[in-house]
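First the structure, in the form of structure tokens, and then the observations on it.
Protein chains: 2
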Amino acid sequence: MPRFSTSVSALRSSAIRELMSLASRPDIISFAGGMPGNELFPVDEVEALFKSLDLKAKQAAFQYGPTPGLPSLLESLGGFLERKGLPVKSNRLLITTGSQQALNILGRAFVDPGDRVLTEYPCFIGAIAAFRSCGAEIVALPVDEEGIDIARLVEEVRRPDPAKFLYITPYFHNPAGLLYSSLRKRQLIETLQGSDIPLIEDDAYGDLWFSEEDRDRLQPIKSIDPEGIDICYTGSFSKILGPGLRLGWLLAPESIWEKCELIKQSADACSPSFSQVIADAFIRSGKIDSYIASVRQEYKRRAACMTEALRKHLPDYVKWNEPKGGFYIWLTLPEGADATVILKHAIEGGAVFVTGSTFDPDGTRNNSIRLSYCNNNPEEIERGIPIVANAIRKVCG
Amino acid sequence: MPRFSTSVSALRSSAIRELMSLASRPDIISFAGGMPGNELFPVDEVEALFKSLDLKAKQAAFQYGPTPGLPSLLESLGGFLERKGLPVKSNRLLITTGSQQALNILGRAFVDPGDRVLTEYPCFIGAIAAFRSCGAEIVALPVDEEGIDIARLVEEVRRPDPAKFLYITPYFHNPAGLLYSSLRKRQLIETLQGSDIPLIEDDAYGDLWFSEEDRDRLQPIKSIDPEGIDICYTGSFSKILGPGLRLGWLLAPESIWEKCELIKQSADACSPSFSQVIADAFIRSGKIDSYIASVRQEYKRRAACMTEALRKHLPDYVKWNEPKGGFYIWLTLPEGADATVILKHAIEGGAVFVTGSTFDPDGTRNNSIRLSYCNNNPEEIERGIPIVANAIRKVCG
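Order-wise, the sequence lines are chains A and B.
Each position in the first sequence, counted from 1, maps to that position plus 88 in my numbering.
Each position in the second sequence, counted from 1, maps to that position plus 88 in my numbering.
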């Protein structure tokens, strides 16, 4: 009799974690992590905000809260999301321990072992891990620069055994960096309507746009509220306050929310109250808006610096997107190139990144590289990109 | 095709949550919750500790941490646990988002849908929810005033299809309030040795003892480290700092730890760094020891007040334990009594408690009542207990 459960056997240690130990070496420039720069966190503001709270609010930070979230945060976050046009009143909001937990909960709500779920290729590794931990069979549909492949989605929708849900990250995709076009979103909506396949719309990076003109494309599908599709919208404080708070959210129709709340209760009873009290004060003080505006500018600067270095140093045969927001640039190498070999050369030179196969649910396609610019100053970027470019040339010529 | 997964169908909303909304009414005295009193939290101490940290530590509070926990907390908590005699060096420590998450992770590590797991009857409702969410079939073995029924355990161990694990809470049991005797622990060890059934030892309340003379009985089985049993030891900061931090831990043998760490990664990536930085400072400053000493005294006072009131007001046919620590007193009513009917009368009178069936995995046995004294001052206890006693008399005569 096997000792461990079958679903845990499907989980593997991710390559990113090994890279993180390399990334902590002072002699290595890391383009691997998806974490904000430490120097960007609003440390003083949060400390002052906490100090200004009354005793009752401070005590609440130490106490259990209701499973769905502290009422005060549900209200302030609800307002924040309504200002983005999200249908907060006709749906229900669940505070989660990071949006990673929201994805895990949704997996548990819908998936029995062996069930198929649809994702993009490439796909956020946290989603791969969350869905795989429920025993899901992941079918990854490719994206191009405008979004997911609609022809492939149509095929999937027509199957006699449709998938349990479709998971997408349309706004500054991790790792592909792309922003869905409005046309592609409309096609996606039309394809899903009447299919009975719920949509999980992950919007962890949407606030980090670089140009006013892209804001139309940032309108969540959830806010369009198209008829005939159950949309579960997830978001996070990780990029607009700090991932160390472990706070995210899920906005879902009542019937789905009810299941998710029960799963949440059994998972960790409630999200950290300390973090919730801080996030609530951060929203209510208005500091969240000025903070988002400031990090937006900073990431825009870092992205511009990296695109300039890439333009200067990369061989022409490498295809890549110019980021419109978020944290990532995705390099596509010639067919057959092996990013793992390139990574070895880059480490020798003193730089690390994440290889493409990390974001492939099948773990095979590896002619791609994810570069993050979120945690590097210009000097590091200018020093590190030539190392990556040289490693590519060594392998691909 | 059913929309939701089969495991979520097994989850039910717990009666405790409905009670909590009653408990927030100012005209109701609540003996229902298992939460520390708000006035007991070390608010000022924690605020001063956070203020005294250097910028690097404060920034770390906002950042992702490694999945197993922040290295500094793993070190300081490791020291705290070693002082209790726990084998920290020969096992591995995982910081979890409350000990509720530790139980959920252990369920996911061991249980495939339909697998049997052993618990006590009565059993902590968080454990029931965690194991049920993995599809476990829960077999609850009765406890008496010294611990679990060994004869029943022997039967289970001898089955050809043994259970995936045994879960116990030997130290100030929730809800039964009992403290295992040293003899019963020895019998339990001998029964499990050679059985291949791992033991989950939940020690969320062990620090809250009322009398020095009971300290021998508080030695964790994990610290005895008996040969031939894989013991997963769980604990929590909830009762010795604050549940709102959502911080617990799991100490387990390497092979089990590895699976649990992968599950944790897919569940929420890491535990809240903010909470971890605070807990680390709380341990390193030594304030945790003086704080535990002070709440121990306070809960002892509240327990004494409640036992005095029970002695005075309860009919003789109600059996109950005098608490030696922890938060709870468990009343056993005559066979056939229905605590739900008693609760209705108590609510009319202005007091609430939790009915016994809540702690029964089968949800049937209901001739018992859990009273908490952790969150009540003497005046409330003296006013509330006669209401409970009257409700019992109304139903049981």
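Every residue, glycine too, gets a C-beta built ideally from N, C-alpha and C.
Rounded distance between the beta-carbons of residue j and residue i, thought under 8 Å
i              : j              : result
residue 463(A) : residue 121(A) : 6 Å
residue 223(A) : residue 98(A)  : 7 Å
residue 187(A) : residue 336(A) : 3 Å
residue 161(B) : residue 183(B) : 6 Å
residue 213(A) : residue 447(A) : 6 Å
Proximity of residue i and residue j at Cβ, strictly below 8 Å
i              : j              : result
residue 158(B) : residue 181(B) : no
residue 268(B) : residue 235(B) : yes
residue 445(A) : residue 451(A) : yes
residue 129(A) : residue 150(B) : yes
residue 124(B) : residue 327(B) : yes
residue 317(B) : residue 280(B) : yes
residue 371(A) : residue 138(A) : no
residue 111(A) : residue 440(A) : yes
residue 421(A) : residue 484(A) : yes
residue 216(A) : residue 449(A) : yes
residue 362(A) : residue 361(B) : no
residue 200(B) : residue 118(A) : no
residue 311(B) : residue 174(B) : yes
residue 320(A) : residue 288(A) : yes
residue 330(B) : residue 332(A) : no
residue 309(A) : residue 273(A) : yes
residue 156(B) : residue 349(B) : yes
residue 413(A) : residue 297(A) : yes
residue 277(B) : residue 314(B) : yes
residue 442(A) : residue 458(A) : yes
residue 382(B) : residue 427(B) : no
Residue-level contact to chain B via CB, residue i, 8 Å cutoff
i              : result
residue 75(A)  : Residue 75(A) lies beyond the stretch modelled for chain A, which goes from 89 to 485, so this question has no answer here.
residue 126(A) : yes
residue 257(A) : no
residue 351(A) : yes
residue 387(A) : no
residue 131(A) : yes
residue 199(A) : yes
residue 221(A) : yes
residue 379(A) : no
First through last residue of the alpha helix (DSSP H) which encompasses residue i
i              : result
residue 484(B) : 466-484
residue 279(B) : 270-280
residue 379(A) : 375-401
residue 94(B)  : 94-97
residue 428(B) : 427-437
residue 456(B) : Careful: residue 456(B) lies outside any alpha helix (DSSP H), inside the beta strand (DSSP E) at 456-460.
residue 417(B) : Unbroken run through residue 417(B) is the beta strand (DSSP E), 416-420; no alpha helix (DSSP H).
residue 371(B) : 361-372
residue 246(A) : 238-246
residue 196(B) : 186-198
residue 147(A) : 143-150
Min CB distance residue i to chain A below 8 Å
i              : result
residue 331(B) : yes
residue 192(B) : yes
residue 245(B) : no
residue 275(B) : no
residue 185(B) : yes
residue 146(B) : yes
residue 290(B) : no
residue 180(B) : no
residue 99(B)  : yes
residue 135(B) : yes
Short CB-CB distance (under 8 Å) between residue i and chain D
i              : result
residue 441(B) : No chain D appears in the structure shown, which is made up of the protein chains A and B.
Unbroken beta strand (DSSP E) run spanning residue i, endpoints
i              : result
residue 231(A) : 225-232
residue 320(A) : 319-324
residue 340(B) : 336-340
residue 205(B) : 204-209
residue 289(A) : 287-290
residue 216(A) : It is not in any beta strand (DSSP E) - residue 216(A) instead sits in the alpha helix (DSSP H) that spans 213-220.
residue 254(A) : 254-256
Heavy atom of the ligand ZN within 7 Å of residue i beta-carbon
i              : result
residue 206(A) : Among the components of this structure there are no ligands whatsoever, and the ligand ZN is therefore not found.
### Query
Would you call the stretch 394-412 of chain A and the stretch 352-369 of chain A touching, i.e. three or more CB-CB distances under 8 Å?
In short, these stretches do not touch, since the Cβ pair count stays below three.
### Message
Under 8 Å: do the stretch 293-313 of chain A and the stretch 253-260 of chain A share three or more Cβ pairs, one atom per stretch?
### Response
They touch, by the three-pair rule.
### Task
Indicate whether the contact test is met: 3 or more Cβ pairs, each with one atom in the stretch 200-220 of chain B and one in the stretch 245-254 of chain B, closer than 8 Å.
Result yes; three or more Cβ-Cβ pairs closer than 8 Å.
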